[in-house]
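Down below is the structure, laid out as structure tokens.
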Amino acid sequence: METSQEKAAREIIGQLRGNGFFALYAGGYVRDMILGTQKRGDIDIATNATPQQISGLFRNVVAVGEHFGVMIVVMGEIPFEVATFRKDIGTADNRHPASVSFTDAREDALRRDFTINGMFYDPVKKEVLDYVEGRADLEKGVIRAIGEARLRFEEDYLRMIRAIRFGARFGFSIEKHTWDALVAQAPGITKISAERIFQELDKMLMGPNPDKAIVMLKDSGLLSIVLPEVAACAGVEQPKEFHPEGDVFTHIVLALSKLFAPTHVAAWSTLLHDIGKPSTMVVADRIRFSNHDVVGAKLAERVLRRLKAPSQLIEDVYEVIVNHMNFMNVQKMRLSTLKKFLSRKTLEDELTLHKADCLASHKDISNFDFIRQKQGELSVETIKPAPLIGGRDLIALGYKPGPLFGQMLDQMYDMQLEEKIVTRQEAIDWVLLKYKI
């Protein structure tokens, strides 16, 4: 069944070819199509039409990189990158070429990053055009740089992290010369902006096999540069009775492997949840990491700010990590405390981390099951009911506004959550009895 994206892409191809130009699908979509994956990336289109000619053929065109031959053509409300076949000349900023010259499909393929991403597809003839042996590398399960790996990375050092992400995503190995160049040039990642590094790491964590990706980042030397706080967890021993799996880094990697379709918050929280352990490790009666949740939450906040992550993600990850040790007490909590726990905005992400944390260590998920049971037993209205009275009610009763108001209302609300007070009048009577005017 043809998707709306594929139908719109064919219309663009048809219009280009109908006007005497050559046009093909390019990049990741072609790779995913050959692999037969159901979820495929955006369809990029490569053509011998120049940016000016592209602008003249389509009604809705945005010039996002005209100097580099890249235009956005909007067809049926779907944006497509339509780029002129080009050869890159030099590098200006470790991201963009110093200049380009327009060329043919073969030369265009040779400038791309990895062989598996360097193929084209002709939707008219229904055939793959492969100038870089990408299909053979797909069959062998190999990530290989096109041409000289060192040059491909110098053109854009972010390609080093991309190589690892693709390797983890598809379960492929990285070809030896490509890997050797990646390891040798790992320090070059410092030339890439924090925002771009975050985006690539985020895709890595949200994709398949993030655990394998983190191990490859460590083995390449990239992890100690982009996430030194995670790299520092390697070799930090843990008490075997709680963590038979090994050191802190091993635990983090194993926890990542236990995630299934996590949110961005849960994925980042799992990666960073124990980075407070190296600095809080104390060996007494046994190895302890006192306060590592609080220390780790502050470190995670610092890491994500350094990476220029979205503010909401930073706030939520902080909350998840700072609270991740509270699950050990859930079955002993007073009803009011438990209800407050269940009403937390980040609870689902906390549960995701908690389950992965347990499965990656002692494997006891009884506290997770307890919370799920309570969520089934208690309605949302019961977990977080509207307060029976508020500040205006206290004023109407004759109390003077002040710091005591917060204490009075908090104590009354706890009684309400404990279900010891169930009506407005009972709340008023309790306040008048507890706090005499």
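Using our numbering, the letters of the sequence shown correspond one by one to residues 1086 to 1522.
The beta-carbon is built from N, C-alpha and C at its ideal position, and this holds for glycine as well.
Note that the coordinates shown come from a computational prediction; the quantities given were computed from them, not determined experimentally.
### For ALA1253 and LYS1297, believed in contact at Cβ under 8 Å, the rounded distance
By one-based count along the sequence shown, residue 1297 stands at place 212. By one-based count along the sequence shown, residue 1253 stands at place 168. Contact holds; Cβ gap of about 4 Å.
#### Entry: Check whether ALA1266 and ALA1234 have beta carbons under 8 Å apart
Residue mapping note: residue 1266 aligns to position 181 of the sequence shown, counting from 1. Residue mapping note: residue 1234 aligns to position 149 of the sequence shown, counting from 1. Yes, they are a contact pair.
### Query
For ARG1171, which option in LYS1521, ASP1499, PHE1283 and PHE1187 has the closest C-alpha, if you only look at C-alpha atoms?
Here residue 1171 is taken as the residue at index 86 of the sequence shown, counted from 1. The residue with the shortest Cα to Cα distance from ARG1171 is PHE1187.
### Task
Tell whether a beta-carbon distance below 8 Å holds between ARG1116 and ASN1202.
Counting from 1 along the sequence shown, the entry for residue 1116 is found at position 31. Counting from 1 along the sequence shown, the entry for residue 1202 is found at position 117. It is a contact, given that the beta carbons lie within the stated cut-off.
### Query
Counting along the chain, where does the alpha helix (DSSP H) carrying TYR1498 start and finish?
Residue mapping note: residue 1498 aligns to position 413 of the sequence shown, counting from 1. In the DSSP assignment, TYR1498 falls within the unbroken alpha helix (DSSP H) covering 1489-1502.
### Query
For the putative contact between LEU1438 and ALA1351, defined by C-beta atoms under 8 Å, what is the C-beta separation to the nearest angstrom?
Here residue 1438 refers to the residue found at position 353 of the sequence shown. Here residue 1351 refers to the residue found at position 266 of the sequence shown. So it is a contact: roughly 6 Å between Cβ atoms.
### Task
Closer than 8 Å by C-beta to MET1245: which residues in its own chain qualify, once you throw out the five before and the five after it? Chain order, please.
Your numbering for residue 1245 matches position 160 in the sequence shown. So the list reads PHE1238, LEU1267, GLN1270, ALA1271, GLY1273, ILE1274, SER1305 and LEU1307, once near-sequence residues are dropped.
### Task
Would you list the one or two residues that DSSP bridges to ILE1174?
Mapped onto the sequence shown, residue 1174 falls at position 89. SER1184, per the DSSP bridge assignment.
#### Entry: Rounded distance between the beta-carbons of ALA1094 and ILE1128, thought under 8 Å
By one-based count along the sequence shown, residue 1128 stands at place 43. By one-based count along the sequence shown, residue 1094 stands at place 9. Sure, about 4 Å apart at Cβ, within 8 Å.
### Query
What are the boundary residues of the alpha helix (DSSP H) that includes LEU1518?
Along the sequence shown, read from residue 1 onward, the residue named residue 1518 stands at position 433. Counting along the chain, the alpha helix (DSSP H) containing LEU1518 begins and ends at 1509-1519.
### Query
If you check the beta carbons only, do SER1375 and VAL1367 fall under 8 Å apart?
Locating residue 1375 in the sequence shown gives position 290, where the first residue counts as 1. Locating residue 1367 in the sequence shown gives position 282, where the first residue counts as 1. Yes; because the gap between Cβ atoms is below 8 Å, this pair is in contact.
### Query
What number of angstroms, rounded off, separates the C-alpha of TYR1242 from the C-alpha of PRO1488?
Position 157 of the sequence shown, counted from the first residue, corresponds to residue 1242. Position 403 of the sequence shown, counted from the first residue, corresponds to residue 1488. If I take the Cα positions, the gap works out to 56 Å.
### Query
On the three-state DSSP scale, how would you describe MET1291?
Numbered from 1 along the sequence shown, position 206 holds the residue referred to as residue 1291. Looking at MET1291 - three-state DSSP - the assignment turns out to be helix.
### Anticipated Cβ contact below 8 Å, ARG1229 with PHE1199, distance rounded
Looking up residue 1229 in the sequence shown gives position 144. Looking up residue 1199 in the sequence shown gives position 114. At roughly 6 Å, the Cβ-Cβ gap stays under 8 Å, so ARG1229 and PHE1199 are in contact.
### Beta-carbon gap between GLU1322 and LEU1384 smaller than 8 Å
For this step, residue 1322 is matched to residue 237 along the sequence shown. For this step, residue 1384 is matched to residue 299 along the sequence shown. No.
### Query
What residue ranges within the segment 1419-1449 form continuous alpha helix (DSSP H) runs of no fewer than 4 residues, ordered along the chain?
1420-1427 and 1432-1444
#### Entry: Spatial neighbours of ALA1340 in its chain, beta-carbon cut-off 7 Å, leaving aside the 5 residues before and after
Working through the sequence shown from its first residue, we reach residue 1340 at position 255. Cβ within range, chain order: THR1355, ALA1441, ASP1442 and ALA1445.
### Query
Under the three-state reduction of DSSP, which class applies to VAL1158: helix, strand or coil?
As a working mapping, residue 1158 is identified with position 73 in the sequence shown. Of the three classes helix, strand and coil, the one that applies to VAL1158 here is strand, per DSSP.
### Residue environment, ASN1145, which counts as buried when at least 16 other CB atoms sit within 10 Å
Counting from one through the sequence shown, the residue named residue 1145 turns up at place 60. Classification for ASN1145: exposed.
### Task
Drop a sphere of 10 angstroms on the beta-carbon of GLN1501, count the other beta-carbons inside from all chains shown, and report buried for 16 or more, exposed for fewer.
Here the question's residue 1501 lines up with position 416 in the sequence shown. GLN1501 comes out buried.
### Task
Going by CA-CA distance only, name the one from ASP1189, LYS1362 and GLY1226 that's closest to PHE1107.
Translated into the one-based positions of the sequence shown, residue 1107 becomes position 22. The shortest C-alpha separation from PHE1107 is found at ASP1189.
### Task
Determine the direct distance from the alpha carbon of GLN1284 to that of ILE1399, and round the result to whole angstroms.
Mapped onto the sequence shown, residue 1399 falls at position 314. Mapped onto the sequence shown, residue 1284 falls at position 199. So the two alpha carbons sit approximately 14 Å from each other.
### Message
Between the alpha carbons of LEU1473 and PHE1453, how many angstroms are there, rounded?
### Response
Locating residue 1473 in the sequence shown gives position 388, counting from the first residue. Locating residue 1453 in the sequence shown gives position 368, counting from the first residue. If you draw a straight line from the Cα of LEU1473 to the Cα of PHE1453, it is about 31 Å long.
### Message
I'd like to confirm the pairing. Which residues does DSSP put opposite VAL1367 in its beta bridges?
### Response
For the purposes of this step, residue 1367 is taken as residue 282 along the sequence shown, with counting starting at 1. DSSP lists ARG1373 as the beta-bridge partner residues of VAL1367.
### Straight-line Cα distance separating PRO1486 from ILE1480
Residue numbering aside, residue 1480 sits at position 395 when the sequence shown is read from its first letter. Residue numbering aside, residue 1486 sits at position 401 when the sequence shown is read from its first letter. Straight across, the Cα-Cα distance linking ILE1480 with PRO1486 is about 7 Å.
### Task
With a 10 Å radius around its C-beta and 16 neighbouring C-beta atoms as the bar for buried, classify LYS1124 as buried or exposed.
Mapped onto the sequence shown, residue 1124 falls at position 39. The residue in question, LYS1124, is exposed, as its Cβ has fewer than 16 Cβ neighbours within 10 Å.
### Task
Count the CB pairs spanning the segment 1420-1436 and the segment 1457-1465 that are closer than 8 Å, and state whether there are at least three.
yes
### Query
What first and last residue would you give for the alpha helix (DSSP H) that runs through GLU1212?
In the sequence shown, counting from the first residue as 1, residue 1212 sits at position 127. Taken as a continuous stretch (DSSP letters only), GLU1212 belongs to no alpha helix (DSSP H), being part of the beta strand (DSSP E) at 1212-1214.
### Query
Is PHE1334 helix, strand or coil when you go by DSSP?
If you number the sequence shown from 1, residue 1334 lands on position 249. In the structure shown, PHE1334 falls within a helical segment according to DSSP collapsed to helix, strand and coil.
### With 16 other Cβ atoms within 10 Å as the buried cut-off, status of MET1289
Within the sequence shown, residue 1289 is the residue found at index 204, counting from 1. When all chains shown are included, MET1289 counts as buried.
### Message
Please identify the residue among THR1135, THR1365, ILE1277 and THR1176 whose C-alpha is closest to the C-alpha of MET1156.
### Response
Residue 1156 sits at position 71 when you count from the first residue of the sequence shown. It is THR1135 whose Cα lies nearest to the Cα of MET1156.
### Task
Give, in chain order, every unbroken run of the alpha helix (DSSP H) that is at least 4 residues long and sits entirely within the segment 1197-1273.
1219-1225, 1234-1240, 1243-1255 and 1261-1269
### Task
State the CB to CB distance for the pair ASP1370 and ILE1406, rounded to an integer number of angstroms; the pair is presumed to be in contact (CB under 8 Å).
Stepping through the sequence shown from its first residue, residue 1370 is reached at position 285. Stepping through the sequence shown from its first residue, residue 1406 is reached at position 321. ASP1370 to ILE1406, Cβ: 26 Å. No contact.
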